[in-house]
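Participant: Under the working numbering, the first residue of the sequence shown carries the number 55, and numbering increases by one thereafter.
Please read through the structure below; I'll follow up with questions.
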Amino acid sequence: MTPHRHDDGPGRRPGSGADSVSVDASPRVLRRAVTAVVCLAMVGAAFVTVDRVATGRAESRTAEAFQQGMGTPKRPSVDVRGFPVLTQLASGTLRHVDITADDLPARGTSRPLPVTRLTAGLDGLGTSGDADQARARAVNATAVLSYEDLSDALGVQVSQDTEPGRVRARLVLPLSGEATVSTAVTVLSDNRIAFSHVLVVQGHLPAPGRVALDKVLAEPVRLRSLPEGLHLRSVTATTVGLDARFTGDNVTFRPDTSSA
């Protein structure tokens with residue numbers, strides 16, 4: 055017996071019955087999908103471009119504010135963090151800004167000590183108000199105080215000691231030649247650096263020289279070439295100078311002029 059075969063009929067293909075699902079997309083639908091994707095990509099690229107332009111302007115304004123407030127000879131390097139910046143600007147506060155500034159000029163008339171380099175991380179930097187009154191909610195900063203500037207402020211030649219936490223001071227004494235002493239460096243309130251526990255490590259220091267040295271080192275050196283609101287927390291002697299660490303809340307781009 056010949057088995058019965060179902061004849062699909064002319065023009066019919068297997069699997070093309072009423073219950074089959076077509077996977078062929080219309081060319082018009084494909085074009086619309088591609089167009090939508092391209093438009094979204096263009097909008098995204100345009101937003102990124104506009105945001106980068108806004109970031110550059112925010113960095114430029116921040117650098118100008120710092121330079122005007124602190125009186126630096128050139129604008130600092132500024133890096134505004136976070137994306138998008140447009141929404142931060144709209145809120146009036148930048149989430150985090152990194153600033154590196156060189157040669158903050160000395161302030162005050164009593165042994166002024168400039169800052170060779172200041173590196174600061176600013177959280178919650180306000181973007182409104184006067185350029186020289188920019189304010190940050192919280193700041194962590196590091197300042198480099200060169201031995202050359204410290205020597206000029208103290209009137210004796212200062213360099214790093216072999217022991218941590220100490221520096222050396224070399225004195226040229228009339229009639230007695232030279233003497234080198236080692237002194238500890240510590241932190242006092244009001245952003246002051248103190249010198250104590252003086253030891254003679256080379257040469258001879260006669261009584262008159264000791265008296266003169268005591269006058270030089272007895273008075274702490276106060277740092278005033280810093281944004282107002284920063285507080286000195288620690289100081290470390292390095293090969294190039296003193297490394298001073300600061301923190302502060304509600305810090306303003308304006309030097310501390312109190313008791314100048």
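We put the CB at the ideal spot given by N, CA and C, even for glycine.
1) With distances taken Cα to Cα, identify the nearest neighbour of Asp-157 among Leu-179, Val-139 and Ser-131.
2) Note the first and the last residue of the continuous alpha helix (DSSP H) segment covering Pro-309.
3) Suppose you measure from the CA of Ser-288 to the CA of Ala-298; what does that come to, to the nearest Å?
4) Compare the beta carbon distance of Phe-300 and Ala-188 with 7 Å and say whether it is the shorter of the two.
5) Rounded to whole angstroms, what is the Cα-Cα separation between Leu-176 and His-258?
6) So Val-254 and Val-235 are supposed to be a Cβ contact under 8 Å. How far apart are they, rounded?
7) Indicate whether Val-212 and Ser-205 have their beta-carbon atoms separated by less than 7 Å.
8) Please report how far the alpha carbon of Thr-126 lies from the alpha carbon of His-251, in whole angstroms.
9) Report the rounded CA-to-CA distance for Ala-155 versus Phe-120, giving the unit in angstroms.
10) Give the DSSP bridge partners of Thr-234, in chain order.
11) Nearest chain C C-beta to Pro-166 closer than 7 Å, yes or no?
12) When you compare the CB positions of Arg-276 and Arg-161, do they come within less than 7 Å of one another, or not?
Facilitator: On the basis of the supplied data:
1) It is Ser-131.
2) Following the DSSP letters along the chain, one finds Pro-309 in no alpha helix (DSSP H) but inside the beta strand (DSSP E) bounded by residues 295-309.
3) Looking at the two C-alpha atoms, the distance is approximately 6 Å.
4) Inclusion of Phe-300 and Ala-188 in the CB contact set at 7 Å is not warranted, their separation being larger than that value.
5) Rounded to whole angstroms, Leu-176 to His-258 spans 48 Å at the Cα level.
6) By a beta-carbon distance limit of 8 Å, Val-254 contacts Val-235. Their separation comes to about 5 Å.
7) Yes, they are a contact pair.
8) Distance between Thr-126 and His-251, taken at the CA atoms: about 35 Å.
9) About 9 Å.
10) When DSSP reads this structure, Thr-234 sits in a beta bridge with Arg-224 and Gln-256.
11) Of the protein chains in this structure there is only one, and it is not chain C.
12) No, Cβ-Cβ distance for Arg-276 and Arg-161 is not below 7 Å.
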